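In terms of this note's numbering, the sequence shown opens at residue 116 and continues consecutively.
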Amino acid sequence: MDLGRSLATVKERRGWLPRPGTGLPIEFAPSDEIERYRGIVSRIITDVLEYDPEDIFITDGSSLWDFSYAGDSIETLRKRVSKTFNVDISHIESGNIAEIARYIAETKGR
């Protein structure tokens, strides 16, 4: 079924069409891993990304790539992680922050 017919069907049933973007709840991505390693993630946010942890929202899907637009290359951010935590994360190509935090915790026994 094409969009035009779908919209016509909805309008016929309801008598009106909802305004785009309304009626559906906002659904956030999970942040279980971020919460599990909250202390490490806070240091990544503060010392690596140079943000206040209260000013940004990070989920299990967030990566260093999401923050490389701010002028720092992904390589610069990786070097900051290495310097801050004394670990090599070059093998974590995705730059996923939850994965990096888990690796730091496992490596450092935290």
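Yeah, the Cβ is synthetic: ideal placement off N, Cα and C, and Gly gets one too. No experiment lies behind these values; they were computed from the predicted model shown.
query, result
"So, with DSSP's three-state summary, where would you put Ser197?", "helix"
"Would you identify the three-state DSSP class for Ser209, choosing helix, strand or coil?", "coil"
"In the segment 116-189, which residue ranges form an unbroken alpha helix (DSSP H) of at least 4 residues, counting only runs that do not cross its ends?", "118-129, 147-151, 153-158"
"Can you give me the C-alpha to C-alpha distance between Ile155 and Phe182, rounded to a whole angstrom?", "17 Å"
"When the cut-off is 8 Å and only beta carbons count, does Asp187 lie next to chain D?", "Of the chains in the structure shown, none is chain D; there is only one protein chain."
"Near Arg193, what residues of its chain come up, given a Cβ to Cβ distance below 8 Å and the 5 sequence neighbours on each side ignored?", "Leu179, Ile204, Ser205, Gly210"
"Given a threshold of 16 other Cβ atoms within 10 Å of its Cβ, counted over all protein chains shown, does Tyr152 qualify as buried or as exposed?", "buried"
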